[in-house]
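Numbered per my numbering, the sequence shown spans residues 1 to 365. A virtual CB, placed ideally from N, CA and C, is assigned to each residue, including glycine. Computed from a predicted model, the values in this text were never measured in an experiment. Read the structure below first, then the notes.
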Amino acid sequence: MKNLLPLSLAVAAPLLFSQSAFAEFDYFKTDGSFKRFSVSAGWLHAAPQGEANPLQNTTAATDGLEAKNGSVKVGTVTGIIDPNEPQKDLITGILGALGDDTDLSDVPLLGDVSGTSKISGLQNFASAAGSGLVADDADTVGLLFNYHIDDNWSVELKAGVPPKVDILGKGSVTAPLTGKVTPGGAASALLPEFTVKDDIYITDLEQGDGVASSARAWLPAAEVHYQFGKSGVNKFRPYVGAGVIYAYFNDIELNSGIRSDLEAAGHQIQNLKTDKAGAALENKLSNSGMNIDVEADSAFAPIFTVGATYDFNDRWFGVGSVSYAKLSSDTTITVKNDSGEELIRAVDTLDIDPVISYLGVGYRF
């Protein structure tokens, strides 16, 4: 809300201080027959129209990262061998003879044969088309403040009690892992290099009744209006308006299931960076804690309004309007380890594009 005053002044200044148009205009006083100010309160409903946009993800596991595999079971490795690997049958046959539960870092008589992996696919990837975040409908108490320049032109400040808005999740997020495995120790003489490939599950954005997160939404707006008709003559007076809306979000809360999934993904990346690729594949905890942060960018956008007032008398009136704003905001989720190193960054462009309906009762003075 701290940006509301300068925003409204920026919109109103050209009208209030145009010497050519209003050289002898008294901006605050009237003879009493014309009411300079009005205020109204009522029901405000925001219905977002935007579609989900895929999350854009980056991780600290840069393409070409080489990591020791360390402790990893045979079944884990054979389960993700690339179906197109030319020597898949040979590799699965040799490894399968050891037993699925055998730890390749401690094979009887052979010792550590787990080798290393060269990782690709995790540095940059997007979630599937149709997945992402969308804002849910919200209701609140709306407030309109108008300064009437003359009988037709006015400047309006539109605000409301900031509602808690649910951010709905659509689809899921998976990471497209590929890797070139080089067997180690005695196995290097028996097994060639081979490729592994797997879509690693990160999170289901629809868990928790589909509410991925929630946020407190502050959406003040400043508009210039032109009202048709004449006060004291026409009880029903339509108007049109245009201006700027400002969006600010705080009190952001992330779904606990999604938070837990992102912590697990953070451990996977941390394990890759500390030469424990096998532990990453088997979703084991790393040597660090995980810290999740969620932020939403503030934004300005144009807003357009059509509405009407109906006079009960010279002071009291009813008012209704419908507004549309082309509004979007980037939501950024980061996962960091205890050292503050960023392991995962996921950015989603939330297209809000709200249709805002308002119905209220006002007073002129």
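Decide if residue i is buried, meaning its Cβ has at least 16 other Cβ atoms within 10 Å, or exposed.
| i | result |
| --- | --- |
| residue 316 | exposed |
| residue 235 | exposed |
| residue 53 | buried |
| residue 233 | exposed |
| residue 64 | exposed |
| residue 73 | buried |
| residue 21 | With a pLDDT of only 38 at residue 21, under the threshold of 50, the placement of this residue in the model should not be trusted, and no figure is reported. |
| residue 230 | exposed |
| residue 141 | exposed |
| residue 311 | buried |
| residue 122 | buried |
| residue 306 | exposed |
| residue 220 | buried |
| residue 189 | exposed |
| residue 313 | exposed |
| residue 348 | buried |
| residue 124 | exposed |
| residue 168 | buried |
| residue 286 | buried |
| residue 48 | buried |
| residue 340 | exposed |
Roughly how far, in whole angstroms, is the beta-carbon of residue i from the beta-carbon of residue j, given that I think they are within contact range, below 8 angstroms?
| i | j | result |
| --- | --- | --- |
| residue 35 | residue 148 | 7 angstroms |
| residue 170 | residue 223 | With a Cβ gap of about 32 angstroms, residue 170 and residue 223 do not count as contacting. |
| residue 308 | residue 237 | 6 angstroms |
| residue 275 | residue 68 | 4 angstroms |
| residue 355 | residue 322 | 7 angstroms |
| residue 119 | residue 191 | With a Cβ gap of about 19 angstroms, residue 119 and residue 191 do not count as contacting. |
| residue 266 | residue 337 | 7 angstroms |
| residue 195 | residue 85 | 5 angstroms |
| residue 92 | residue 182 | Their Cβ separation, rounded to whole angstroms, is 17 angstroms, which puts residue 92 and residue 182 out of contact at 8 angstroms. |
| residue 40 | residue 144 | 5 angstroms |
Cβ of residue i within 8 angstroms of Cβ of residue j?
| i | j | result |
| --- | --- | --- |
| residue 163 | residue 139 | yes |
| residue 362 | residue 154 | no |
| residue 76 | residue 282 | yes |
| residue 214 | residue 166 | yes |
| residue 288 | residue 270 | yes |
| residue 262 | residue 344 | yes |
| residue 114 | residue 104 | yes |
| residue 179 | residue 112 | no |
| residue 346 | residue 110 | no |
| residue 51 | residue 134 | yes |
| residue 240 | residue 226 | yes |
| residue 197 | residue 80 | yes |
| residue 359 | residue 328 | no |
| residue 277 | residue 70 | yes |
| residue 203 | residue 258 | yes |
Just to confirm, does residue i get its C-beta within under 7 angstroms of one of the non-hydrogen atoms of the ligand NAP?
| i | result |
| --- | --- |
| residue 202 | As for the ligand NAP, it is missing from this structure, which has no ligand bound. |
Counting Cβ pairs, one atom from each stretch, are 3 or more of them under 8 angstroms apart for the segment 287-299 and the segment 245-264?
Counting Cβ pairs under 8 angstroms, three or more are found: they touch.
For the 8 angstroms Cβ check, are there 3 or more pairs between the segment 148-159 and the segment 174-182?
Not touching, per the Cβ criterion.
At least three beta-carbon pairs within less than 8 angstroms, the segment 283-295 to the segment 129-138
Fewer than three Cβ pairs drawn from the segment 283-295 and the segment 129-138 lie within less than 8 angstroms of each other, which leaves the two stretches out of contact.
Quick one: which unbroken alpha helix (DSSP H) runs of 4-plus residues sit fully inside the segment 237-307? Chain order, please.
With a minimum length of 4 residues, the unbroken runs of alpha helix (DSSP H) contained wholly in the segment 237-307 fall at 256-273, 277-281.
Entirely within the segment 158-222 and at least 3 residues each: give me those beta strand (DSSP E) ranges in chain order.
Here the runs fully enclosed are 164-170, 172-182, 194-204, 211-218.
Only counting runs of 3 or more residues, tell me where the beta strand (DSSP E) segments fall wholly within the segment 28-64, in order along the chain.
Runs found: 37-48, 56-59.
Length at least 4, wholly inside the segment 82-147: the alpha helix (DSSP H) runs in chain order:
With a minimum length of 4 residues, the continuous alpha helix (DSSP H) runs that stay inside the segment 82-147 are 88-96.
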